[in-house]
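See structure below.
In this note's numbering, the protein residues as written are 12 to 550.
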């Protein structure tokens with residue numbers, strides 16, 4: 012069987028966090044514009060059923076029937092919506108308990124029964140809220156004794172369920188995974204990893220959970236510097252940590268899904284998170300024993316869902332909504348799908364400020380521009396205008412948050428809402444300084460280390476502008492020529508610090524190991540990530 016992935020034609024937005032399909036044709040999705048969208052023809056056409064507030068980030072979705080569904084948000088002000096006809100949505104937030112303050116995972120195993128888990132923020136109290144009467148009353152279950160952070164939740168029936176997340180500290184870098192199971196509707200919980208014997212690294216936690224059947228299940232592990240999943244073959248009584256080692260060295264996994272015991276995929280933010288995420292995906296054809304690059308699946312995958320019916324067998328959400336078609340022969344041509352390629356284009360960079368363009372119609376009543384950080388937390392309301400001036404407008408954000416702090420580096424998503432019609436975009440801030448200035452700083456740094464470096468590089472040669480070999484140590488007196496030669500010689504790969512051997516094999520593990528300050532190594536990495544721009548003489 013051959014599986015072909017293609018964009019499913021969803022409305023163009025920067026991010027789709029979750030999807031739910033009750034059949035190969037009928038499904039819903041939530042996106043970065045704060046929209047709940049619906050299709051009844053396998054993604055050929057979509058309708059916007061609901062648009063939430065401009066400061067609200069929708070994260071998760073669950074349906075128990077074609078009419079009964081729930082959506083969760085990681086924004087405190089609006090957290091849960093409900094539909095009873097599959098069309099109209101009601102904000103349930105006024106009835107909700109205070110904990111959890113953000114809903115990252117939601118599951119409705121049957122009509123009127125819902126479990127919602129959160130938060131994704133380790134500094135807040137982790138909890139689960141549960142209703143058995145369709146949201147008229149709720150029970151708040153504090154999970155502080157079990158976890159600092161909860162992400163995904165999955166119930167097989169009204170009483171038996173799983174929730175995954177992390178514990179160990181109030182910052183992401185201190186977390187280790189937890190996999191919690193309940194057999195009594197959440198009254199008591201057991202950590203199935205507590206006696207697993209697995210040595211987990213700090214800075215890793217459970218993100219998404221997927222059971223293929225009663226025995227076989229998988230969990231993706233988010234980790235900014237590594238890639239791994241958990242696998243069970245005995246219904247979750249025991250788990251094994253499996254390293255995902257594809258040629259591209261994928262990291263920071265989120266979405267995970269297996270279509271059978273052998274074939275599965277994982278995706279997420281990929282290498283470079285948060286400064287320059289690549290959104291890479293990985294695949295396996297042997298149950299996770301080996302992995303290969305599978306970027307054809309889609310980018311920035313946060314969720315896989317499977318329909319169980321051919322030819323459309325699966326959907327995934329990330330940079331857009333992606334559809335998987337199964338064909339018998341590897342050379343068979345899949346059905347023609349509407350191409351939506353804007354979500355696949357490179358993410359633009361910005362350093363000192365971000366410009367956002369908007370076209371305001373003559374009779375617009377309300378304009379709101381909101382900006383979210385790499386964890387999808389609202390960091391700035393850039394514009395909030397009633398009866399805004401019409402025409403082409405440009406708004407500038409200087410990467411300062413609402414409370415006056417630097418927003419840091421990473422990918423930022425922005426939402427432009429005009430009278431409830433929202434569009435979104437993404438920008439990457441790989442550093443706080445422009446590439447030209449970064450190059451100037453690296454040149455000055457190389458000069459500081461020149462005398463030491465000359466003694467450490469007796470045999471290395473690099474090509475000059477004509478391709479002739481010159482010794483590396485002879486170039487330290489001319490740092491800009493040295494930087495250019497390192498790029499020409501392939502020792503530095505612009506945009507790829509982790510594949511640049513000058514940084515990996517010379518600075519971090521070779522003759523300059525322990526010789527350079529951590530701040531200088533970080534500067535070098537930041538310069539490479541920003542494109543390794545060679546500075547002008549006056550930089």
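Even glycine gets a Cβ: it sits at the ideal position worked out from N, Cα and C.
The alpha-carbon separation between residue 124 and residue 79 amounts to approximately 10 Å. With a 10 Å radius around the Cβ and a threshold of 16 neighbouring Cβ atoms, residue 13 comes out exposed. Check the Cα spacing between residue 212 and each of 511, 96 and 183: the tightest is with 183. Under the 8 Å Cβ criterion, the stretch 275-291 counts as touching the stretch 421-430, having at least three qualifying pairs.
A residue is called buried when at least 16 other Cβ atoms come within 10 angstroms of its Cβ; residue 303 does not meet this threshold and is exposed. Under DSSP, residue 478 shares a beta bridge with no residue. Assigned with DSSP and collapsed to three states, residue 314 falls in strand. If you draw a straight line from the Cα of residue 520 to the Cα of residue 283, it comes to about 20 Å. Looking at the DSSP output, residue 161 sits in a beta bridge with 176.
By the 16-neighbour rule on beta-carbons within 10 angstroms, residue 410 is buried. Going by C-alpha positions, residue 491 is about 28 Å away from residue 358.
Take residue 417, set aside five residues on each side of it, and the residues of its chain with a beta-carbon closer than 8 Å to its own are 410, 411 and 443, in chain order. By a beta-carbon distance limit of 8 Å, residue 18 does not contact residue 45. Their separation comes to about 21 Å.
For residue 379, the enclosing beta strand (DSSP E) has its first and last residue at 377-383. Pairing residue 472 with residue 513, the inter-Cα distance amounts to about 12 Å. The three-state secondary structure of residue 81, taken from DSSP, is strand.
For residue 537, the enclosing alpha helix (DSSP H) begins and ends at 529-540. In this structure, the CA atom of residue 259 is about 29 Å from the CA atom of residue 478. Rounded to the nearest angstrom, the gap between the Cα atoms of residue 460 and residue 454 is 10 Å.
Here the stretch 240-257 does not lie against the stretch 313-322, with fewer than 3 beta-carbon pairs under 8 Å apart.
Collapsing the DSSP output to three states places residue 260 in coil. If you draw a straight line from the Cα of residue 248 to the Cα of residue 220, it is about 15 Å long. For residue 311, the number of other beta carbons within 10 angstroms of its own is at least 16, and it is reported as buried.
Residue 379 holds the alpha-carbon nearest to the alpha-carbon of residue 426 among 379, 413 and 457. Going by DSSP, residue 64 is part of no beta strand (DSSP E) at all; its letter is neither H nor E.
Between residue 113 and residue 57 a beta carbon distance of about 27 Å is seen, past the 8 Å cut, so the two are scored as non-contacting. One alpha carbon belongs to residue 414, the other to residue 325, and they sit about 43 Å apart.
In the structure shown, the three-state DSSP call for residue 497 is helix. As a beta-bridge residue in DSSP terms, residue 292 pairs with 278. Separation of residue 72 and residue 301 (C-alpha to C-alpha, rounded to the nearest whole angstrom) is 31 Å. Judged by DSSP in its simplified three-state form, residue 28 adopts strand.
Here DSSP, grouped into helix, strand and coil, assigns residue 130 to coil. Taking 8 Å as the cut-off, the beta carbon of residue 313 is found no closer than this to the beta carbon of residue 275.
Annotated as proximal: residue 111 and residue 139, with beta-carbon spacing under 8 Å. Counting along the chain, residue 370 sits inside no alpha helix (DSSP H); it lies in the beta strand (DSSP E) bounded by residues 365-371. Sorting 391, 376, 371 and 431 by C-alpha distance to the C-alpha of residue 403 places 371 at the top.
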